[in-house]
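One line per chain: the protein sequences are A and B, in this order.
Counting the first sequence from 1 gives a position; my numbering is that position plus 6.
Counting the second sequence from 1 gives a position; my numbering is that position plus 6.
Structure, as structure tokens:
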Amino acid sequence: MSAAEEAIAEGHEAVEAVPKRAMTLGTGTSLVVLAALLVVPMFVKNFIIFQMTMLLIYGLAVLALNILTGGSGQFSLGQSAFYAVGAYTSAVLMEHANINYALTIPVSAVICFGFGYLFGKPALRLSGIYLALATFALATAMPQLLKLNFLEHWTGGVQGLVVTKPDAPFGLPMSQDMWLYYFTLAVTVAIYIFSVNLLRSRSGRAFMAIRDNEIAASSMGVNVALYKTLAFGVSAGITGVAGSLGAIAVQFVAPDSYTITLAISLFLGMVVGGVGWLPGSFVGAAFIIFVPNMAESISKGLSGAVFGVLLFLVIYLVPHGARQVAIFGQQLVGKLRKN
Amino acid sequence: MLFEKTLRAAALVTATAAVTLTSGAALAQKKYDTGASDTEIKIGNIMPYSGPASAYGIIGKTEEAYFRMINDKGGINGRKINFVTYDDGYSPPKAVEQVRKLVESDEVLAVFNPLGTPSNTAIQKYLNAKKIPQLFVATGATKWNDPKNFPWTMGWQPSYQSEAQIYAKWLMKEKPDAKVAILYQNDDFGKDYLKGTKDGLGAKAASMIIMEESYEISEPSIDGHIVKIKAANPDVLLIYTTPKFAAQTIKKTAELNWKPLQILTNVSISVGSVMKPAGFENAQGVLSAAYAKDSTDPQWANDPGMKRWHEFVDKYMPGADKSDTSMVYGYGAASTLAKVLEMCGDDLTRANLMKQAASLKDFAPDTLLPGVKINTNPTDFAPIAQLQMMRFKGERWELFGEIISGDIASQ
């Protein structure tokens, strides 16, 4: 039994210890997935490409939450606020300052990192459900802040801002959707590698030490305050990038796009994907994008109830989400090999 | 044997000739874009069946039922309507996803009556770039009447601005010396009304309007604003609010023993959810305007149009709450689309659909007030622009005066 399996067997806490080795996929599997992501868009309709782009974008946002919760053990229901800040940063820079879309993304990352880092400061005093409540407040406040009168000149108020979709550069013969997909894929891969390395580094070990036992971590010389706020900053920064990409893909930002529902969806995606298992973020994103559509096709009037039943089944049958399924699959393959 | 062969050959020749003839005729007359065929017209729609605005979901259900009725009667020009409707949860990103699904995966001819200003803004650019009709959008914002920049987008209901202009025109005529105070919601909805009122009053706006007071939708109560407005002592109060605040306003003015002339937006005229909670005795004499018939009003009991509506609801939506104005709305919008599709004949291209939608002449759906007619032309993409004033008396609204047009120039 590997350590991860043990954790699953005995783990009943919300955030159980995940050893860093179990946080990622093997190199071979990763390459296969990457190849599939590169090839598939060439054979499908633009609409499917758009959905895949949204999958990567929500996957990034879930990944960011996963670093915060799975990595450093802090809860957040306020990710929609960081997502909104990222989206508006890109939209405002593109539409009012005519800055190239690609350049707005690092700006969003920096602004959101700062925002998250500063928010992490007061959040230091809170833990568990109290932190969840504080971030919840942030998520509920954000759509109203975006409607404020003195910001309206920039944000467009309730009307929102329409964003121009970029064409493929250098005269590449591909549609806007396909170009945006590959662009998003490149950003996603870069951030994924960054995240994996971050969690394997000294900082990542500090995050996990804090998650597992704060007192033990501080007695071992980990600067708890610094690393907790840092985790918030990194998480917010990545969410901001996802927000920017989302604004460009959807071509529209409005306060109603970034309500608490989005934050809850992202949280849901993390739980379904498996807390602390980074590749699971994308499985979770697929869940929050496709399962509501499935529920709707089953029953229009009761789509919410059907979604609830499906979610309940997932939580009941595989409480550790996609990670549990992946480990089960791995064991199966192992057994088959032995035979 | 030989005879049989000849007969068979003759039959074959006749059959071939017949096929050639009909297909030749088809080529000459019938024209189709994606989503239309000899047997079917595919129409897409998005509605908030879930989320904060899910109360409006009944509009989509009514439209679905309406097209079911049309199909039972044999369809339009022999073609059945395939109405595909998806939930956008009142969320703009979801609206974009669902509309792209309708266009690229379901391949609909047009997107009809999508609901909500944010959702429509989110999909407008995409649909216009793809030249797909965004027909009869379910929002009262003024910006949908912009055929020059968005030739594939058209509104349906009277815009908030044109309604406000009607109030302004009425005031100029009946109370030219009024001291007007305006209470409005601080968002696109309230600001559209404010602008319409000022435009309608024109040069007199500056002297007539003595106070503009706004409130946030998040405020629990607007009593404080009413007290403040009363202190300025206006004799006309324009109430541009959503239902909850409208009820509060009417109630508070009565509590303050203050009796200004009150004019209420069409959005908040529901007897059940505004006038009753405000107190019928407090609401006497309040003015507003309407374009559709009220399903609970007994004066339409013998109206042939409303009788058809009642029959439709009884048969296709049994058990539905008939006092829900959304069902009157959905019926009216769906019958407008049916009319336009009928006018298209066998030329079911997207361009022709827009052309026909922009050439409606005096069309009167069953559910609109007598005299209110739908008119469009290539430079006027605002189908309904007429309303009639009404006064609250007893426990219901009484219509008075003539049908007034609030046509405003397209942007």
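A virtual CB, placed ideally from N, CA and C, is assigned to each residue, including glycine.
Length-filtered (4 minimum) alpha helix (DSSP H) runs lying within the stretch 216-264 of chain B: 229-237, 249-261
is_contact[Gln130/B, chain A] using C-beta, thresh 9 angstroms: yes
Residues sharing a beta bridge with Asp411/B, DSSP: The sequence shown places Ser at residue 411/B, not Asp. DSSP, once it has assigned bridges, lists Gln392/B as partnering Ser411/B.
Residue ranges of each alpha helix (DSSP H) within the stretch 263-311 of chain B, 4 or longer: Taken in chain order, the unbroken stretches of alpha helix (DSSP H) that lie wholly in the stretch 263-311 of chain B and span 4 residues or more are 286-289.
is_contact[Met214/A, chain B] using C-beta, thresh 9 angstroms: No - not a single Cβ of chain B is within 9 angstroms of the one on Met214/A.
Endpoints, the beta strand (DSSP E) within which Lys48/B is located: 46-53
Whole-angstrom distance between Gly208/B and Ala32/B, CA atom to CA atom: The predicted model places Ala32/B with a pLDDT of 44, which falls under 50 and marks its position as unreliable; any figure quoted below should be read in that light. Those two C-alpha atoms are separated by around 55 angstroms.
Gly210/A beta carbon less than 9 angstroms from that of Gly77/A: yes
First through last residue of the beta strand (DSSP E) which encompasses Tyr92/B: Bounds of the beta strand (DSSP E) holding Tyr92/B are 86-93.
Residue-chain proximity (Gly407/B, chain A), Cβ-Cβ < 9 angstroms: no
The stretch 262-279 of chain B contacting the stretch 204-218 of chain B, beta-carbon criterion three pairs below 8 angstroms: Flag = no, the stretch 262-279 of chain B and the stretch 204-218 of chain B do not touch.
Buried/exposed call for His159/A, threshold 16 Cβ in 10 Å: exposed
Pairwise C-alpha distance: Ile111/A and His102/A: 15 angstroms
Anticipated Cβ contact below 8 angstroms, Pro139/B with Leu359/B, distance rounded: 5 angstroms
Three-pair Cβ contact test at 8 angstroms for the stretch 125-142 of chain A versus the stretch 70-88 of chain A: With three or more CB-CB distances shorter than 8 angstroms, the stretch 125-142 of chain A counts as touching the stretch 70-88 of chain A.
Check whether Leu274/A and Ala67/A have beta carbons under 9 angstroms apart: no
Separation of Ile269/B from Ser294/B, as counted between CA atoms: For Ser294/B and Ile269/B, the distance between alpha carbons rounds to 5 angstroms.
DSSP-derived helix/strand/coil call for Gln163/B: coil
Per-residue burial, Met184/A [other beta carbons within 10 Å of its own, 16 or more giving buried]: buried
CA nearest to the CA of Thr248/B, picked from Thr385/B, His316/B, Tyr199/B: Tyr199/B
4-residue-minimum alpha helix (DSSP H) runs that sit fully inside the stretch 91-179 of chain A, ordered along the chain: 107-129, 135-152, 158-161
Contact with chain A by Ala32/B, beta-carbon distance below 9 angstroms: Any answer about Ala32/B is weak, because its pLDDT of 44 lies below 50 and its placement is not dependable; what the coordinates show is given next. With 9 angstroms as the cut-off, Ala32/B does not count as an interface residue toward chain A.
Interface positions of the stretch 182-194 of chain B facing chain A (Cβ-Cβ less than 8 angstroms), listed along the chain: Asn192, Asp193, Asp194
Closer than 9 angstroms to chain B by CB, Ala263/A: The amino acid at residue 263/A is misidentified as Ala; the sequence shows Ser. At least one chain B Cβ lies under 9 angstroms of Ser263/A.
Terminal residues of the alpha helix (DSSP H) in which Ser296/A lies: This sequence places Phe at residue 296/A; Ser is not what is there. Note, Phe296/A: alpha helix (DSSP H), 286-304.
Short CB-CB distance (under 9 angstroms) between Gln337/A and chain B: no
Residues that Arg106/B contacts on chain A, provided the C-beta gap is smaller than 7 angstroms: Phe53, Phe56
CA-to-CA distance, Ile333/A to Gly32/A, given in whole angstroms: 12 angstroms
Whole-angstrom C-beta distance between Gly280/A and Arg329/A, which should lie under 8 angstroms: Right, their Cβ atoms sit about 3 angstroms apart.
Members of the stretch 162-173 of chain A that neighbour chain B once the beta carbon cut-off is set at 8 angstroms: So the list reads Gly163, Val164, Gln165, Gly166, Val168, given in the order they occur along the chain.
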